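Engineer: For the protein sequence lines, the chains are A and B, in the order given. All letters in the first sequence, in the order written, are residues 1 to 202 by my numbering. All letters in the second sequence, in the order written, are residues 1001 to 1202 by my numbering.
Number of protein chains: 2
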Amino acid sequence: MNRLVSADQAGGANMIMQAALAAFVKHGFHGTSIREIASHAKVSVALIYYHFTSKDDILRSIMLRVHGDVIEELREVRDACDRDVRTELSGLIRAHVMCHCERQAESFIGNSELRSLSEPALQEVIAQRDAVAGFFKDVVARGIADGTFRTTQQPDDVVRAIMVLAMGVSMWFRQDGPQTTDDVVQTHITFAMRLLDAAPEG
Amino acid sequence: MNRLVSADQAGGANMIMQAALAAFVKHGFHGTSIREIASHAKVSVALIYYHFTSKDDILRSIMLRVHGDVIEELREVRDACDRDVRTELSGLIRAHVMCHCERQAESFIGNSELRSLSEPALQEVIAQRDAVAGFFKDVVARGIADGTFRTTQQPDDVVRAIMVLAMGVSMWFRQDGPQTTDDVVQTHITFAMRLLDAAPEG
């Protein structure tokens, strides 16, 4: 569900974003032309310019959508939690890692083509990434304060490690591989608890 | 020092690889033409074709060189160690993370443009990556066998986490940032020891 355009336009814009995403994964942002996106989406170049101002705008929309969805999911997890920090951190990792498993192409492009965003889109996406990290920073800080978590490193370094490990999933995970998404989630929860010197949840 | 061509050719080939690397970081592999590489390197297109068979061959050479150098360094670390697994793992992490700090562009391209390699170059580079991981798998297996390391996850998952965390360094580390390469190395050694439930070295 595209949240950036009104419902009656969502189908067309979404189809274009999907085609662009596939092309970006294959040839990179700079290696893909608007004409190729139109050809893959089986739409006219004119229709692309009806929905988007430029190729940059398509990349921006792809990134804002996936980050926006992640932020919404993380917020739901946080709001549903009873403030037990291990439960909350586990829930946040589950939502975050699941996204990297299920929306692998968007996650990969979100990292590898961040360099291709121009301003002010870059700052918009960086603000969203900071918001994602913010959920983790917040729960880690509370866990350190109440003694559940312990780290000899800077808490921000641990949060970055949790982010990087999830990002890695978008690079190595294979839907048809030996591990289920649930296996991957459990591994990442275990790793985070170890990095924070906390007992496994439960 | 370019190890793929004879010494008298190394200067030219190296200059071309450096120019190509900068262009790939900026515009991606598919977004960069041989002509642009020639222009950045201030050489003729003909000279590029004297040193390399194609743009693919330049990417292949960049990747083989950096992986080859890492493998050589990891081998030196391993051979210098007295088989204490914590010392060996720390040394391997130091060499691996240092490379991601100091050869950031090559490390970033090594990950983001792996998809752009065609066969058989892709298999060559994957074999090198497996060799890099092999050093870590070997020491982790010995550490688990002798009781120094403990993990509830698959040892290969822990090794992959160590690889992914190093890869992340090539994306976020800034030479002019608040952390020195030594800080980053120490953090990654600490993280690995925590993932393996081992006491800090020393």
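Glycine included, each C-beta is placed from N, C-alpha and C at the ideal position. Source: prediction; values computed, not measured.
How about A/VAL43: is its C-beta nearer than 8 angstroms to some C-beta of chain B?
Structural biologist: Along the first sequence, read from residue 1 onward, the residue named residue 43 of chain A stands at position 43. Not an interface residue.
Engineer: Is B/VAL1132 closer than 8 angstroms to B/LEU1089 when the C-beta atoms are compared?
Structural biologist: Counted from its first residue, the second sequence places residue 1089 of chain B at position 89. Counted from its first residue, the second sequence places residue 1132 of chain B at position 132. Against a cut-off of 8 angstroms, the Cβ pair of B/VAL1132 and B/LEU1089 comes out as no contact.
Engineer: Should A/GLY147 go down as buried or exposed, given a rule of 16 or more other Cβ atoms within 10 Å for buried?
Structural biologist: In the first sequence, counting from the first residue as 1, residue 147 of chain A sits at position 147. The residue is exposed, with fewer than 16 neighbouring Cβ atoms inside 10 Å.
Engineer: Measure from the alpha carbon of A/VAL43 to the alpha carbon of each residue in A/ALA141, A/LYS26, A/ILE16 and A/SER54, then state which is nearest.
Structural biologist: By 1-based counting over the first sequence, the position of residue 43 of chain A is 43. Taking only the C-alpha atoms, the option nearest A/VAL43 is A/ILE16.
Engineer: Closer than 8 angstroms is the cut-off here; do at least three beta carbon pairs connect the stretch 1054-1069 of chain B with the stretch 1105-1125 of chain B?
Structural biologist: Yes, they touch.
Engineer: If we count the other Cβ atoms within 10 Å of its Cβ and call it buried at 16 or more, is A/VAL45 buried or exposed?
Structural biologist: Against the first sequence, residue 45 of chain A aligns to sequence position 45. A/VAL45 sits exposed, since fewer than 16 C-beta atoms from the chains shown fall within 10 Å of its C-beta.
Engineer: Please tell me whether B/VAL1185 and B/ILE1093 are closer than 8 angstroms, where the distance is taken between their beta carbons.
Structural biologist: Here residue 1185 of chain B is taken as the residue at index 185 of the second sequence, counted from 1. Here residue 1093 of chain B is taken as the residue at index 93 of the second sequence, counted from 1. Yes. Within cutoff.
Engineer: Hey, is B/MET1167's beta-carbon within less than 8 angstroms of any beta-carbon in chain A?
Structural biologist: Residue numbering aside, residue 1167 of chain B sits at position 167 when the second sequence is read from its first letter. By this cut-off, B/MET1167 is an interface position.
Engineer: Along chain B, which residues have their Cβ under 9 angstroms away from the Cβ of A/GLY31?
Structural biologist: If you number the first sequence from 1, residue 31 of chain A lands on position 31. The contacting residues are HIS1027, GLY1028, PHE1029, HIS1030, GLY1031, THR1032 and SER1116.
Engineer: Closer than 9 angstroms, Cβ to Cβ, to anything on chain B: give me those residues from the stretch 89-115 of chain A, in chain order.
Structural biologist: Those residues of the stretch 89-115 of chain A that come within reach of chain B (Cβ to Cβ, closer than 9 angstroms) are PHE108, ASN111, SER112, GLU113, LEU114 and ARG115.
Engineer: Quick one: is B/GLN1123 near chain A, going by C-beta distance under 8 angstroms?
Structural biologist: Translated into positions along the second sequence, residue 1123 of chain B becomes position 123. Taking Cβ atoms only, chain A never reaches closer than 8 angstroms to B/GLN1123, which makes this a no.
Engineer: Interface residues of chain B around A/LEU195 at Cβ under 8 angstroms?
Structural biologist: Position 195 of the first sequence, counted from the start, is the residue given in the question as residue 195 of chain A. Among the residues of chain B, those whose CB is under 8 angstroms from the CB of A/LEU195 are PHE1191, ARG1194 and LEU1195, following chain order.
Engineer: Report the rounded CA-to-CA distance for B/ARG1060 versus B/HIS1040, giving the unit in angstroms.
Structural biologist: The residue labelled residue 1060 of chain B in the question sits at position 60 within the second sequence. The residue labelled residue 1040 of chain B in the question sits at position 40 within the second sequence. In this structure, the straight-line span from the alpha carbon of B/ARG1060 to that of B/HIS1040 is close to 19 angstroms.
Engineer: Checking contacts by CB at 8 angstroms: is A/ALA161 closer than that to chain B?
Structural biologist: To locate residue 161 of chain A, count along the first sequence from 1; it is residue 161. Cβ-Cβ to chain B under 8 angstroms: yes for A/ALA161.
Engineer: State the CB to CB distance for the pair B/ALA1166 and B/PRO1155, rounded to an integer number of angstroms; the pair is presumed to be in contact (CB under 8 angstroms).
Structural biologist: Taking the first residue of the second sequence as 1, we reach residue 1166 of chain B at position 166. Taking the first residue of the second sequence as 1, we reach residue 1155 of chain B at position 155. In this structure B/ALA1166 does not touch B/PRO1155 by the C-beta definition: roughly 17 angstroms separates them, more than the 8 angstroms allowed.
Engineer: At the 8 angstroms Cβ level, is B/GLN1153 part of the contact set with chain A, yes or no?
Structural biologist: Locating residue 1153 of chain B in the second sequence gives position 153, counting from the first residue. True, the Cβ-Cβ gap to chain A drops below 8 angstroms.
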